[in-house]
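Asks: Okay, handing you the structure first.
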Amino acid sequence: AQRVTQPEKLLSVFKGAPVELKCNYSYSGSPELFWYVQYSRQRLQLLLRHISRESIKGFTADLNKGETSFHLKKPFAQEEDSAMYYCALRDLEYGNKLVFGAGTILRVKS
Amino acid sequence: GAGVSQSPRYKVAKRGQDVALRCDPISGHVSLFWYQQALGQGPEFLTYFQNEAQLDKSGLPSDRFFAERPEGSVSTLKIQRTQQEDSAVYLCASSSTEVRRNQPQHFGDGTRLSIL
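Protein chains in written order, with the numbering used here: chain A, 42 to 151; chain B, 3 to 118.
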């Protein structure tokens, strides 16, 4: 079965420090991976997806099929990055649903 | 509208009551999804519509849960004889294309349901 694991409930870093939010997945086919972000009092919104291979707000994520990982990285954290981050997998073989991890709270301290 | 709209934002009901949650997707979006998010967890898939057809309802936890989208736009999620474990945030999402097309899902603010 498809599964997404985010091992850290909370990640706390200082402003300017590098950030890496971990995401591992379990899936037998070719998945499509996403990172969604939820800022305080806002709705869940798409941050980036692996097929775009783009950098959004300084964040990047590379799909590593060998390690079944899709970690989210940013070289220099900013206070406005503080939010809840969810890694998600889309199963293209069995419908269009998203399978989410439990989420990681990122706190950037000044 | 500019985004996915859900109503009500908050709903409190007594155990055993029936509730109905509404979702207005982005205009013209073909696909509509419902997710349930329990406290401290990520969203979990409930059901999926393509236009008015309910193509996947594998995530509905029991036959007390029922969803419809009769005209292919607005959708309603109904929960009958609510129980305390139904307390959660119910999220609706829509996307512009059908299965196998690379379009992201856009989420609403959700309805926070509390069962007393």
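Using N, Cα and C, we set each Cβ at its ideal position, and we do this for glycine too.
Please read these numbers as outputs of a predicted model, since none were measured by experiment.
1. According to DSSP, what are the bridge partners of Tyr50 (chain B)?
2. Would you mind stating whether Gln82 (chain B) and Pro63 (chain B) have Cβ atoms separated by less than 9 Å?
3. Counting along the chain, where does the beta strand (DSSP E) carrying Ala22 (chain B) start and finish?
4. Which residues of the stretch 109 to 137 of chain A have a Cβ closer than 9 Å to any Cβ of chain B? Give them in chain order.
5. Going by other Cβ atoms of all chains shown within 10 Å of its Cβ, with 16 needed for buried, is Leu118 (chain B) buried or exposed?
6. Please list, in chain order, the residues of the stretch 56 to 70 of chain B that have any C-beta partner in chain A closer than 9 Å.
7. Leu104 (chain A): which of A:Lys63, A:Lys56, A:Ala124, A:Tyr80 sits nearest, CA to CA?
8. Can you name the residues of chain B whose CB is closer than 8 Å to the CB of Ala102 (chain A)?
9. Skipping 5 residues on each side, what residues in its chain have a beta carbon closer than 8 Å to that of Pro72 (chain B)?
Replies: So, to answer that:
1. B:Phe35, B:Asp58
2. no
3. 21 to 26
4. Tyr127, Cys128, Ala129, Arg131, Leu133, Tyr135, Gly136, Asn137
5. The residue is exposed, with fewer than 16 neighbouring Cβ atoms inside 10 Å.
6. Leu57, Asp58, Ser60, Gly61
7. A:Lys63
8. Here the premise fails: no neighbours, minimum Cβ distance about 14 Å.
9. Glu54
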